[in-house]
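The next block holds one structure in the form of structure tokens; read it before the comments.
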Amino acid sequence: MLVAGGELLLRARREGYAVGAFNIQNLEGLWAVTGAAVEERSPVIVAVSPGAIRYGGLRLLATAVRTVAEDLPVPLALHLDHGEDLETVSRCLEAGFTSVMIDGSHLPFRENVDLTRKAVELAHPRGVSVEGELGRLAGMEEKSVEEREALLTDPAQAEEFVRLTGVDSLAVSIGTSHGAYKFRGEPRLDFERLKLIRERVEVPLVLHGASSVPPWAVEKASRYGAQLQGAKGIPEEHLRRAISLGIAKVNIDTDLRLAFTATVREVLATSPGEFDPRKILGPAREAMKEVVREKMRLFGSSGRAAG
Ligand code: PH4
Ligand code: ZN
-19 MLVAGGELLL RARREGYAVG AFNIQNLEGL WAVTGAAVEE RSPVIVAVSP GAIRYGGLRL
41 LATAVRTVAE DLPVPLALHL DHGEDLETVS RCLEAGFTSV MIDGSHLPFR ENVDLTRKAV
101 ELAHPRGVSV EGELGRLAGM EEKSVEEREA LLTDPAQAEE FVRLTGVDSL AVSIGTSHGA
161 YKFRGEPRLD FERLKLIRER VEVPLVLHGA SSVPPWAVEK ASRYGAQLQG AKGIPEEHLR
221 RAISLGIAKV NIDTDLRLAF TATVREVLAT SPGEFDPRKI LGPAREAMKE VVREKMRLFG
281 SSGRAAG
């Protein structure tokens, strides 16, 4: 069933687990994510970015997700990921999204507050929750202490941001970044900062850029010609710790892309006579589904579908 995103997160925060937000761009992703949620009896957030909207079309993606959700025996929230502007937020509200993110993290604090508050004013009357972001997701290596401070979320500012905007959840920057190349050296997250933010911020916290970049997917993709040297993600024990410190929503995209790519490459290389898209994409969809199932177990959302 389709549910309000905010409710999923409030329950997760209360009960000490996290709900995965998995990005989709097409039906393969949607089937993989929802299939995993059913098998794990887990609540799930299906995330659609502006880039995915440009690729797949808003009405088509929203209709597909809402149609699948109708018959789904587990709660599903349809979420706008990294909404760029109020127009995108409005279009997604019209299309029936049940939570939206407005990402003003690149703006100066006051402008981020203004933009985010306007998104809240649009979404709340429709019962839709809003995620804001404070702090920038960026690789932290080779950065000075001052540069790190400027990019990572400041706990006192986070408290003020939530108060001034009325957001329902807050994405924080503690050292993660998007994509497959998160660290050159040892993976490091600023858990002390996360604790301080948690002490000051009541609303559920969100971790973006949380893919682990599984070695099996990198190795398989590389075996069949991919060039992914130096790919490195967030270790699973770091994610467990972040969740224990109050992260209630974890965003995953890269790990699904890697599983997809590794599997498609394998099929094409080992079955050169194959040209039926179903035989090529079917195994890739299964591989993505397995990744999502593992995340749900790791995040503690498995078995939490029932109210
Ligand atoms: N996201 C995914 C952003 C995807 O424009 P786009 O469709 O490429 O945007 O919000 C994440 O936080 C994913 O983190 P990950 O890269 O570690 O999986
Ligand atoms: Zn993100």
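Using the numbering used here, you'd call the opening residue of the sequence shown number -19 and step up by one each time. Quick reminder that beta carbons are idealized off the backbone N, C-alpha and C, glycines included.
Only residues of its own chain outside the window of five on either side were considered, and among them Q5 have a CB closer than 6 Å to the CB of A32, listed in chain order. Every unbroken stretch of the alpha helix (DSSP H) spanning 4 or more residues and falling wholly within the stretch 90 to 133 is given here in chain order: 125 to 131. Around L66, the same chain offers I82, L95, K98, A99 and L102 as residues with beta carbons nearer than 8 Å, after the five sequence neighbours per side are excluded. In terms of CA proximity to P184, R(-9) leads the group K200, A42, R(-9) and L(-18).
Per DSSP, reduced to three states, the secondary structure at I4 is coil, with no helix or strand assignment.
Scanning its chain for C-beta atoms nearer than 7 Å, with the 5 sequence neighbours on each side dropped, one finds around V45 the residues L10, V26 and L58, in chain order. Beta-bridge partners assigned by DSSP to K269: none are found.
Unbroken beta strand (DSSP E) stretches of 3 residues or longer found wholly inside the stretch 21 to 53: 24 to 28, given in chain order. Relative to the non-hydrogen atoms of the ligand PH4, the Cβ of A222 never comes closer than 7 Å to any of them. Fewer than three pairs of CB atoms, one per stretch, sit closer than 8 Å, so the stretch 246 to 253 makes no contact with the stretch 69 to 89. Pairing A151 with E111 gives a Cβ-Cβ distance under 8 Å. DSSP lists K212 as the bridge partner or partners of Y161. Residue state for H218 is assigned as helix, using DSSP reduced to three classes. For H218, the Cβ stays outside the 7 Å cut-off from all heavy atoms of the ligand ZN.
By the neighbour-count criterion, in which 16 or more other beta carbons inside 10 Å mark a residue as buried, V181 falls on the buried side.
When the alpha-carbon of P88 is set against those of R128, R273, A75 and G115, the nearest one is in G115. Annotation for I177: the continuous alpha helix (DSSP H) segment containing it runs F171 to R180. Counted as a single uninterrupted DSSP element, the alpha helix (DSSP H) harbouring S70 occupies residues L66 to E74. Residue environment for E126: exposed (fewer than 16 other C-beta atoms within 10 angstroms of its C-beta). Beta-carbon to beta-carbon, A201 and A160 are separated by about 10 Å, too far to satisfy the 8 Å threshold. For P135 and G15, the gap between their C-alpha atoms comes out near 37 Å. Cα atoms of N3 and E270: separation of roughly 15 Å, rounded to the nearest angstrom.
At least one heavy atom of the ligand ZN lies closer than 7 Å to the C-beta of N231.
Annotation: the continuous beta strand (DSSP E) that includes S149 extends over S149 to V152.
Cβ atoms of S191 and D235 come within 8 Å of each other, at about 4 Å. For H104, the shortest C-beta to heavy atom distance toward the ligand ZN is 7 Å or greater. Here S85 carries a coil assignment [DSSP, helix/strand/coil].
In this structure R71 is in contact with L38, their Cβ atoms being roughly 6 Å apart against a cut-off of 8 Å. Within the stretch 232 to 283, the complete alpha helix (DSSP H) segments at least 4 residues long are 234 to 250 and 257 to 279, listed from N- to C-terminus.
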